[in-house]
Amino acid sequence: MVFVLSGKEVSGQSHHLGLSGGVNYSTLNSLKNTGFVDLWQVGPSLGITYESRFTKYFFLETGLMYNKRGAGQTVGMLNGESPSTDERLFMELNHHYISVPVSIGMRTGNRVAPFAQFGTVFSRILKSYNYFHPFQAWNNTGYSRNSIGSHAPFDFTMMLRVGVIAEISSRIEVLASATFEHAIFGLDIAAGNQHMGFLGHIGLKYRIGKSLE
0 MVFVLSGKEV SGQSHHLGLS GGVNYSTLNS LKNTGFVDLW QVGPSLGITY ESRFTKYFFL
60 ETGLMYNKRG AGQTVGMLNG ESPSTDERLF MELNHHYISV PVSIGMRTGN RVAPFAQFGT
120 VFSRILKSYN YFHPFQAWNN TGYSRNSIGS HAPFDFTMML RVGVIAEISS RIEVLASATF
180 EHAIFGLDIA AGNQHMGFLG HIGLKYRIGK SLE
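The sequence shown begins at 0 in numbering that gives the first Met the number 0 and counts up by one.
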């Protein structure tokens with residue numbers, strides 16, 4: 000695929016700008032907290048994309064995305080009674096990232112075309128906090144704690160995407176896709192909390208400049 004793409008003249012390309020939005024269903028592999036039970040969390044995923052189409056069948060795509068990732072965990076806490084007993088408390092881990100995905104893809108040449116992409120996603124953490132759900136020892140109130148200092152600033156994942164794109168005019172296309180992401184290696188300061196997630200997106204692409212036809 001790399002040989003085919005690199006052998007094409009620049010004049011044979013078409014370029015597309017897009018908007019994409021959906022949900023990210025994620026969890027964390029808490030390697031350092033083997034006693035915790037990881038649960039899945041839902042968060043938004045949205046941004047802009049840029050696609051360079053080398054032929055009708057091969058393309059390169061990148062973009063700038065916002066992703067909320069995280070997980071749920073149950074932790075043991077003393078309930079504040081006398082004598083105190085250990086109760087299970089639900090805690091949410093919430094991480095907000097700005098992400099740059101880079102992928103190569105292949106599609107059919109039809110007006111309604113299935114496609115597949117493979118690449119990486121490089122992310123920079125913007126904000127991170129843990130939310131503890133209401134608990135008896137805290138007068139049944141919730142509690143949030145800033146946790147950005149306990150996480151690595153960067154996240155590096157592998158991505159695999161499949162979907163369908165449809166041409167609705169000479170310049171505009173709509174698409175729907177499903178993506179799987181998993182950390183390539185741990186970048187967490189404490190050697191844990193590797194991200195894994197599934198994303199569902201719908202999007203719109205607009206061709207700028209000439210067509211490949």
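Ideal Cβ placement from N, Cα and C applies to all residues, glycine included.
For Gly108, the closest of Arg52, Ala151, Thr156 by C-alpha to C-alpha distance is Arg52.
Secondary-structure assignment with DSSP links Asn129 through a beta bridge to Leu92, Arg144.
Exclusion of the five residues before and after Phe89 leaves Gly71, Thr73, His132 as the residues of its chain whose Cβ lies within less than 7 Å of its Cβ.
DSSP links Leu18 through a beta bridge to Ile47, Leu203.
For Ser149, the three-state secondary structure derived from DSSP is helix. The criterion of a C-beta distance shorter than 8 Å is satisfied by Thr26 and Met195.
The straight-line gap separating the alpha-carbon atoms of Glu60 and Tyr96 is approximately 19 Å. In this model, Ser169 and Phe58 are separated by some 18 Å (Cα to Cα).
Within the model, the alpha-carbon separation for Gly42 versus Asn66 is close to 7 Å. Your pair Thr119 and Thr178 does not check out as a contact, with CB atoms roughly 12 Å apart and the cut at 8 Å. Ile171: member of the beta strand (DSSP E) spanning 171 to 182, first to last residue.
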